[in-house]
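Here is the structure we will look at, set down as structure tokens.
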Amino acid sequence: MELKNILIEKLGSKIKEYKEPTNRRIYITIDKDSLAECARIIFKDMDARYIVASGVHNEDSFEVLYHFGFDKQGIVVSLRVYLDKDNPEIESLVWLIPGIEYIERETWELLGIKFLNNPNLKHFLLAEDWPEGNYPVRKNIKGKK
Amino acid sequence: MKKVIVPLGPYHPLFEEPEFFELYCDGERVVDVEWHAGYNHRGIEKISESKHWDQVTFLVERICGICSNSHPMAYCNAVENLLGLDIPERAKYIRTIISEMERLHSHFLWVGLAGHFLGYNTVFMWAWKYREPLLDMFEVITGGRNNYSMIKIGGVRRDINDQQIEMLRKMLDGISSQLNMLTKVFLDDPVLQARLVNVGVLTKQDVKNYGAVGPVARASGVDIDIRRDNPYAAYNLVDWKVITRENGDVFDKAVVRLLEGFESVKIIRQCLDRIEHKKGEILAEVREIPAGEGIGRHEALRGEVFHYVRSDGSSSPVRHKIRAPSYVNVPTFKKSSIGQTISDVAIILAGVDPCYCCTERVAIYDANTKKSRDITWPEIVKKSQEKTEQLKKHG
């Protein structure tokens, strides 16, 4: 069976939007409450490889994309979760993927997205005395033009 | 627990790159490892948001001097993925040649450094000497020994002419016999075997948990290689194979890297045959980047480089996420160095090829006395070299 069909069958109604804009790239939007379940299905049951997570700051929301690699098919599946713009927080996935600790810490300190229940949510790239509430990758902090 | 930190680094003129690991030790055994990064964080993802799409190619080239072709490659793959663009065939071959030359020079560099950490300075001198013709060849083809600026969105910046192809072939002949010799030296030496076999073992489950990639994953029997799994450039047009090993120790990581060198030579030779005496386009025209998102991957020397770009139709990316292979490979020594002795830590850390062995300063905590002292990277290397000396003397 094609990967697309397996994904649709396994994730079922948790899929809010399914997009396959280009060859071998699949983007699936889900609710933040179903992230743990969807990630478990993809990472454990379907044996995908954890690649990384990308945090994005939009005008009216935050967004986290969890990228998984299906190497036999050469496909990248990205789980997309939208978060509240004033209080961006989401459950950590460290219980499932130990290696995700570092990107969660990075996304927290650079974008201010809080990962609940990450056992080690402290500064990783920035200095320990970095001022609280200053998130350099947010859009209201301008880079040098 | 108060720790005393000697102000030697993380920045210091003698160090290659700044990074900081804490080893928690019980006597000579390592019981836990803590990784501190960020001393070299330059905010490239943020800078990228204020550059033109074309400029970003040359910005990401400066992420790392050793993989200075890998990041542009993954970035251009990402933008071309967003565009749905297929680049000219000749450009595909040229991209492949540059990528494989880079893999060769980096694996030589790694073998040299591994030799140095183990107290085999002759291996170090030889490997780095053999690497030189590759760098000279880079200068001939691209104009720079490092930071080649060869890749552009839509193709490549410069063509390779027949005269350069001839020079490349000659260089490859030399390289293959040297690689052959180096492989034999490295793999047949009983002392090296004693130092590397069953040291720093990484299981398949560890690889999965940390998402490790490249030679680190392949040495543990995880058969992944983006060049084959998600083909780009000319990797699906030439004949080559993915090297894997089963044990997951440092020795197998070395074997994978050395044997990959031969595959690289094979790939470059085939590419040269295909582009010799032929002319062709090397650049597809790209006028605008429409709104959308793209993911680009490239199997760099250390594993998969991953770039995610998003466009709103303007002249710069609105978000550019970069994940280098060391980001997922480095944390694996939370698994591979635990239970090992301090003298083996140097080569275990070096085993994942963490963008040079960028572990200059290591703090050692004694788990029994709860006291800590700082130990410099040269001290750790010395410990490792002494162990090899002892092995040589007493068998």
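First to last, the sequence lines map onto chains A and B. Each residue of the first sequence is one higher than the one before, starting from 1 at the first, in our numbering. Each residue of the second sequence is one higher than the one before, starting from 1001 at the first, in our numbering. For every residue, glycine included, the Cβ atom is placed at its ideal position computed from N, Cα and C.
For the segment 34-60 of chain A, the beta-carbon criterion of a distance under 7 angstroms to any beta-carbon of chain B is satisfied by Arg-49, Tyr-50, Ile-51, Val-52, Ser-54, Val-56. For Val-1381(B), the number of other beta carbons within 10 angstroms of its own is at least 16, and it is reported as buried. Secondary structure at Leu-1237(B): coil, using DSSP grouped into helix, strand and coil. Within 7 angstroms of the CB of Asn-1230(B), the CB atoms of chain A belong to Arg-24, Gly-74, in sequence order along the chain. Note on geometry: alpha-carbon atoms of Ala-1284(B) and Glu-1389(B) lie some 57 angstroms from one another. If you check the CB distance, Trp-1128(B) and Gly-1112(B) come in under 9 angstroms. The way I'd put it, the segment 51-58 of chain A does touch the segment 1298-1313 of chain B; three or more beta-carbon pairs between them come closer than 8 angstroms. Taking C-beta separations shorter than 7 angstroms and ignoring five residues to either side along the sequence, the partners of Thr-29(A) in its chain run Lys-16, Glu-17, Arg-80, following chain order. Taking the CA atoms as reference points, Tyr-1327(B) sits about 24 angstroms from Gly-1115(B). If you draw a 10 Å sphere on the C-beta of Ser-1177(B), you find fewer than 16 other C-beta atoms in it, and that means exposed. One finds nothing in chain A with a Cβ atom closer than 8 angstroms to the Cβ of Gly-1303(B); even the nearest lies about 11 angstroms away.
Per DSSP, Ala-1300(B) is one residue of the beta strand (DSSP E) stretching across 1292-1300. For Pro-1215(B), no Cβ of chain A is located within less than 9 angstroms of the residue's own Cβ.
With at least 16 other beta carbons inside 10 angstroms of its own, Ile-1098(B) counts as buried.
Under the criterion of beta carbons closer than 8 angstroms, Phe-1058(B) and Ser-1149(B) qualify as touching, at roughly 6 angstroms. In the same chain as Ser-92(A), and ignoring 5 residues on each side of it, the C-beta atoms closer than 7 angstroms to its own belong to Glu-104, Phe-115, Leu-116, Asn-117, Asn-118, in chain order.
A Cβ-Cβ separation of about 6 angstroms places Arg-25(A) in contact with Val-76(A) under the 8 angstroms criterion. Annotated three-state conformation of Glu-89(A) is strand, per DSSP.
Here Cys-1025(B) carries a strand assignment [DSSP, helix/strand/coil]. Distance from Val-1201(B) to Asn-1147(B) at the Cβ level is roughly 36 angstroms; contact not present, criterion being Cβ atoms closer than 8 angstroms. Among the CB atoms of chain A, none fall inside 9 angstroms of the CB of Phe-1333(B). In summary, Trp-1053(B) is buried, with 16 or more beta-carbon neighbours lying within 10 Å of its beta-carbon over all protein chains present.
Taken through DSSP and simplified to helix, strand or coil, Phe-1058(B) comes out as helix.
Annotation: the continuous beta strand (DSSP E) that includes Tyr-1308(B) extends over 1303-1311.
Under DSSP, Val-1328(B) shares a beta bridge with no residue. At a cut-off of 9 angstroms between beta carbons, Arg-1095(B) makes no contact with chain A. By the Cβ test, the segment 1270-1278 of chain B is not in contact with the segment 1183-1203 of chain B, since fewer than three Cβ pairs between them sit closer than 8 angstroms.
In this structure, DSSP gives Val-77(A) an extended state, which the three-state scheme calls strand.
Identification of chain B residues near Val-137(A) by a Cβ-Cβ cut-off of 9 angstroms yields Gly-1043, Glu-1045, Lys-1046, Glu-1049, Arg-1319, ordered along the chain. Per DSSP, Leu-1283(B) is not a residue of any alpha helix (DSSP H), being assigned neither H nor E. The three-state secondary structure of Gly-55(A), taken from DSSP, is strand.
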